[in-house]
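Notes follow the structure.
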Amino acid sequence: MMDMLFQTFRLGRYDLPHRIVMAPLTRSRARQPGNIPSPMNACYYAQRASAAFIITEATQVSMQGQGYAWTPGIHSRDQVEGWRLVTEGVHKAGGLIFLQLWHVGRISHPALQPDGMLPVAPSAVQPKGMAFIENERGEGELVPFLAPRALQTEEIPYIVQQYVRGAKKALEAGFDGIEVHAANGYLLDQFLCSSTNQRADDYGGSVENRMRLLNQVVEALAGIWGPDRMGVRLSPMGTFNDIEDHDPERTFDLVASALNEYGLAYLHLVNPDVPALERGTEPHPRALRMLDTIHKQFRGPLIIAGGFDHETAESWLQLGRADLIAFGRKFLANPDLPERFCQHARLNADDPATYYGGGAIGYIDYPTLAQERGEEPRIQIDERWR
Ligand SMILES: Cc1cc2nc3c(=O)[nH]c(=O)nc-3n(C[C@H](O)[C@H](O)[C@H](O)COP(=O)(O)O)c2cc1C
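When we follow our numbering, the leftmost residue of the sequence shown carries the number 536, and every step to the right adds one.
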């Protein structure tokens, strides 16, 4: 029987040739000043155009939405021009690319904020951990997070506006779709989860209130893009960025049910138990129940990411736990990942030392199978990026 991974799939408006998605990966390599996508970034994405579709690295919708040094934005004209190089490169190579829209909320630092202001969040709850900023010498540096400033109720429409502006600019830049980043402890997740949302207004308290901002953002963006060209990413039971919900089963049950109403192209979940998959064991029963609950509520296509290899991805598709699988670190290190899976070929190992910041090394120099055989790369690499 043919692998399910290599069966075609209809995703919203698009026909996909297989089910191997490129997961969003922050690489902190936007051109400076201005956090502008560069020709080198376009090369990186074009090299990976054989994905069923690409989800870009998280991209801040505003200066306030930035949380790490050198991440790209989608709020200035230059950034739109930079992204246009990326989308053209991917389209020329035959691929599809969705932009992941991002506001980090409290996961930031005054060094990254306009006028050195405090980052904003649903409540003034300080995250444990460190922010990644650029120091005076132009190097990356880790500094402790501070307590953020709680948003006033009157400011929240302005947050929705930031997403709206980003989504409009994404259309101008030639993307095929957008993904709303509501996972991994960033702003929308901070509103969803009880440990970070202690508000007493219409945006806090009940789950209905905590998901109000996400619903407002999704509704506004669906009006711009059409729901069949957009997805939402969630990380149910996730703890990354010092976040926790006191009743994730109930919270994400209701969130998935609300999102089901929009007719989205997909829902994208971060696997709640990555370590189990990486150990080669079944996920924790609670994680499986969580996924099952969401699957029952959300009837559209489901993407799952986190810890998969060829075999586990195939088995999860066979078991009906997901419709598509997104690969992060494996796609980072293997620009031709679908081809390698198809041929059961050896994979390049990823190098965590070159995940964030730097240039071409560990970015656009991972070889394809064809290059390993001595063939010329299909996507030409400009010598100036080396
Ligand atoms: C270097 C790196 C950067 C990441 N950046 C993002 C990001 O920008 N947005 C996001 O939603 N997830 C991000 N993630 C999480 C990945 O999308 C993915 O969920 C995670 O790597 C697990 O999948 P994997 O086991 O296939 O790598 C990142 C992960 C890594 C390793």
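Backbone N, C-alpha and C define an ideal beta-carbon position, used for all residues, glycine too.
query                                                                                                            : result
Three-state secondary structure (DSSP) of E592                                                                   : strand
In chain order, each beta strand (DSSP E) run of at least 3 residues that lies wholly inside the stretch 775-810 : 801-805
Local conformation of F667 per DSSP, three classes                                                               : strand
DSSP-derived helix/strand/coil call for V660                                                                     : coil
Residue from G740, V715, H638, F667 with nearest C-alpha to E754                                                 : V715
G841: CB within 8 Å of a non-hydrogen atom of ligand 1                                                           : yes
Residue interval of the alpha helix (DSSP H) (run including E874)                                                : 872-877
Beta-carbon separation (whole angstroms), P771 vs R583, contact threshold 8 Å                                    : With 8 Å as the limit, P771 and R583 do not qualify as a contact, their Cβ atoms being about 27 Å apart.
Rounded separation between G761 and Y797 - CA only                                                               : 10 Å
Closest Cα partner of D917 within the set C578, R562, L540                                                       : C578
Endpoints, the alpha helix (DSSP H) within which Q733 is located                                                 : Segment: none, Q733 is in no alpha helix (DSSP H) and carries neither H nor E.
Residue nearest to A586 in terms of C-alpha spacing, selected from G664, T889, E707, F541                        : F541
L634, enclosing beta strand (DSSP E) - first and last residue                                                    : 632-637
Classification of T561 by the beta-carbon crowding that lies within 10 angstroms, buried from 16 upward          : buried
Between the CA atoms of F588 and H477 - distance to the nearest angstrom                                         : It is not possible to answer for residue 477, since the shown part of the chain is limited to 536 through 921.
Cβ contact (3+ pairs, closer than 8 Å) linking the stretch 661-675 and the stretch 614-632                       : no
Continuous alpha helix (DSSP H) assignments of at least 4 residues falling wholly in the stretch 675-714         : 691-707
With 16 other Cβ atoms within 10 Å as the buried cut-off, status of R824                                         : exposed
C-beta atoms of G547 and M765 nearer than 9 Å                                                                    : yes
Buried versus exposed, by CB contacts within 10 Å (16 or more), P572                                             : buried
Residue span of the alpha helix (DSSP H) that contains L546, given as start and end                              : No alpha helix (DSSP H) holds L546; the beta strand (DSSP E) holding it covers 544-546.
Helix, strand or coil at H716 according to DSSP, with G and I counted as helix                                   : strand
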